[in-house]
Each structure stands twice: as structure tokens, then as C-alpha cells.
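Line by line, the protein sequences are chains A and B. Numbering follows full-length UniProt numbering, with no gaps: position 83 of the first sequence is 83. Numbering follows full-length UniProt numbering, with no gaps: position 25 of the second sequence is 25.
2 protein chains.
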Amino acid sequence: MNEQLLNRVLRQAEALCARRGARLTPQRRRVLELVCRAERPIGAYELLDQVRDGGKAAPPTVYRALDFLLEQGLIHKLETLHAFIGCTHPDHPHSSQFLICADCGKVTELEDAALLGSLHSAAAESGFSPQRPVIEVIGTCARCAHKPDRPAD
Amino acid sequence: MNEQLLNRVLRQAEALCARRGARLTPQRRRVLELVCRAERPIGAYELLDQVRDGGKAAPPTVYRALDFLLEQGLIHKLETLHAFIGCTHPDHPHSSQFLICADCGKVTELEDAALLGSLHSAAAESGFSPQRPVIEVIGTCARCAHKPDRPAD
DNA sequence: ACCAGGAATGTAACGATATAACAGCCCCAA
DNA sequence: TTGGGGCTGTTATATCGTTACATTCCTGGT
Ligand SMILES: [Zn+2]
Ligand SMILES: [Zn+2]
Ligand SMILES: [Zn+2]
Ligand SMILES: [Zn+2]
């Protein structure tokens, strides 16, 4: 996430939390910023290292911040990677899908209505009521597909 | 999985492995049977307890069997639960979807072509080549939706 | 039958991810 | 001012998964 987008996201986060009466404390804001600055999904313990930064901090510090940010929809958790990414459009609640490149590790967040529709149709046939769809697709991104070969294998 | 289906699955597993030159050893067959007998997704350490059954066994024993069974498509892993279920139709390779009831824990395996189609379309728009789609839907199953209330909350 | 050599298993230790439980702090509201 | 709820600190522990290396088993070539 570039600097400009990051600033926008942080401002949106503050506005959203204010509107909702949720407290985006410095600790939480710090974790949000770290997640968003990471070019790739980032793990909780990796975050912990950065939060410590010489000082002291324990897992609950980071996990509690992550829980808050997840509740507010400011970040997403990638179940297949046990890692987190910042949401680029937290302004509205959404159920999104993730394209995860197994080669370069980059993740693209989609919000595909047709895909969600298919999912709801399929669930409905079984009388099932979806509450939290988890859709994560491991594959190869366009950039990596164009690479002629793995350069440094 | 009922006894009849279990027996069919075990026979299919033997046939498949034989055809592929893969060795469905007693250990692996045992783990497959334990996974299939479980009414719900079962975790690796839970399996380990049952594999031990008084004797001795260590995590790699179970994880290696699980790896083999996953490779052969005889079981599936549920990423959101860190648990495993037996595949009810291992005769052909497939990418399936899972409906996970948050109330009773039951899991339904789907193989919905339309849903997969939507997924591929959505991915294609981003130039992304899917290799392993992970689709797990947390929600409420038909049975649990009909319950008037949580009986013992 | 014999003997590699690879596949499968046993065993001990460790690493990574996540939560429980309880204590102290801060801020606002009654 | 005095709770009380929300946030944070701290320690320990639970849960999930892997590494590394020794041993055993099976198989295929001779
Ligand atoms: Zn998002
Ligand atoms: Zn890539
Ligand atoms: Zn299946
Ligand atoms: Zn249910």
C-alpha cells in the first residue's frame, strides 16, 4: 500500500471509528499502519517484532489490536496464510475474495458480486445460511505468469 | 459418515491407490478410517490420541498420514477449522466447497460448477490463474436454522 | 536368495500460532 | 470523587505443525 493510499485509509479508519464510537487507540492505529505498510500479508508475530521495536510487548498486545481491526473491517485475515492485510476500501462492510500468488506472495482483494451470488445460490440449495464466506484462491498472478521462468530457483 | 459409505470409501481408496502405485499402508488406512468415522471435522492431535490408543505415537505419524491422504484426495483440510474431513467421493479429483455450520459443527461438501465458474471468471478478469481455490462458508445449516432457540445456552 | 536403495515409520526436540487468566491503568460519567 | 468499563501489561499455557535424524520395511535388480 503506497503512502497516499495509506494516509487515506488511516483517515477513513479514524472517521469510521469516530462515527461508530469505537476507539482507534494509538496502539491499534500503529498496528493498522504496520499491516498496511507491509507489501505482503503479515503474520501476528512478525507484527509483534515491529511493535516491540526494542521495547517489550507480548502476543496479546498484537492479537487484541488485530481483533479490533478485524471487527471494524479495517483489515482482513487470510486463513490459508495465517496472516493479515489491510483493507483498501474499509468505508463499507463487505465480504471479499482474495487472489493469492503462490509465486510472489502478492494478494489482490476482490469484491465480486457474481461470485458471491453463486455462493449464496449454492448454499441456498442446501438450506444453508452463509454468515462468513471465506474465499481465498491460491494461484499465479498475471505478472508471475509472464515471467519466462523462475529466475533464481 | 455411515458404515456403508465408509466401506465404499475405503474400497475406493484401496483401488485408487493401487491404480496410482501409491501405498495405502495400514497406518494410513487407519487414519483415513478415523477421519471418516468422525461425525465432525477432526483435528490432528485428536486423531493422534485415537491413533495412540494407549500405545505411543508422535505428531509426525499423524501428519505424514494426513499429507498422504490429502495428496491422494481422500480427505480434505478445512483451513478455517484446522481440521480434516473424509471426502465422500474421492473417485475423481475435484475442487470442492464447504458449508460449515457454526452451531452444530456439521460440514457439507459441495461441488458446485457454477460457483467454480464464477470464481474462474472473477480471477480471469485480474489475469490470475487459480490453482487451489479455498472456499469455506461459515453459517447456519438448515437443521439449526429451524431450531426455535438455542436450547442450552 | 541376496543385497542395495528408496519409502515408510519411530522418536525427540523444536517452532509457529493463538488464547487464558489476572493485574493494573486510564478516562469518563454519575 | 468514586466507581466502572474499556484498554493494556504480563505470565503462562494451549494448540497446531515441522525439523532432524535414526531405524525398519519393502521392493526391484542381480
Ligand atoms: Zn476489504
Ligand atoms: Zn505473483
Ligand atoms: Zn471431496
Ligand atoms: Zn447446524
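The beta-carbon is built from N, C-alpha and C at its ideal position, and this holds for glycine as well.
Relative to ligand 3, the beta carbon of SER96 (chain B) is positioned inside 7 Å of a heavy atom. When only Cα atoms are considered, CYS144 (chain A) and CYS104 (chain A) end up about 7 Å apart.
Note: HIS76 (chain B) is bridge-paired with B:ILE85 in the DSSP secondary-structure output.
Collapsing the DSSP output to three states places GLY127 (chain A) in coil. Check the Cα spacing between GLU79 (chain B) and each of B:ILE135, B:ALA58, B:HIS120 and B:ARG52: the tightest is with B:ILE135. In this structure, DSSP gives THR25 (chain A) a state outside helix and strand, which the three-state scheme calls coil.
When the beta-carbon positions are compared, LEU47 (chain B) and LEU34 (chain B) come within less than 8 Å of each other. Restricting attention to A:GLN131, A:LYS77 and A:HIS89, the CA atom closest to the CA of PRO41 (chain A) is found in A:LYS77. Within the same chain, ARG28 come within 6 Å of PHE68 (chain A) by CB-CB distance, once the 5 residues on both sides are set aside. Secondary structure of PRO59 (chain B) (DSSP, three-state): helix. Spanning the alpha carbons of LEU66 (chain B) and ILE75 (chain B) requires a straight line of approximately 8 Å. A residue is called buried when at least 16 other Cβ atoms come within 10 angstroms of its Cβ; GLN131 (chain A) does not meet this threshold and is exposed. Beta bridge pairing from DSSP links VAL134 (chain B) with A:GLU136.
Apart from sequence neighbours up to five positions away, the residues of its chain that approach THR108 (chain A) with a beta-carbon distance below 6 Å are LEU99, ordered along the chain.
Identification of residues in the stretch 53-85 of chain B having a C-beta nearer than 7 Å to some C-beta of chain A yields GLU79 and THR80, given in sequence order. Per DSSP, CYS104 (chain A) lies in no alpha helix (DSSP H) segment and is marked neither H nor E.
Rounded to the nearest whole angstrom, the CA to CA distance from ALA122 (chain A) to SER118 (chain B) is 12 Å.
Contact of ILE42 (chain B) with chain A by beta-carbon distance below 8 Å is absent, the smallest such distance being about 18 Å. One alpha carbon belongs to PRO60 (chain A), the other to ARG30 (chain A), and they sit about 15 Å apart. Within the stretch 125-148 of chain B, SER126, GLY127, PHE128, SER129, PRO130, GLN131, ARG132, PRO133, VAL134, ILE135, GLU136, VAL137, ILE138, GLY139, THR140, CYS141, ALA142 and ALA145 place their CB atoms closer than 7 Å to a CB of chain A, listed in sequence order. Contacts with chain B at 8 Å (Cβ-Cβ) include ASP112 (chain A).
Assignment of beta-bridge partners to GLN12 (chain B) by DSSP yields no partner.
Taking 7 Å as the cut-off, the C-beta of CYS87 (chain A) counts as close to a heavy atom of ligand 1. Set against 7 Å, the gap from the CB of GLU109 (chain B) to the closest heavy atom of ligand 3 is smaller. Taking every protein chain shown into account, the CB of ALA83 (chain B) has 16 or more other CB atoms within 10 angstroms, so this residue is buried. Contact with chain B is absent for GLN27 (chain A), since none of that chain's Cβ atoms lies less than 8 Å from the residue's Cβ. Looking only at A:ASP53, A:ASP112, A:ALA142 and A:ALA124, the smallest Cα-Cα distance to ASP112 (chain B) is reached by A:ALA124.
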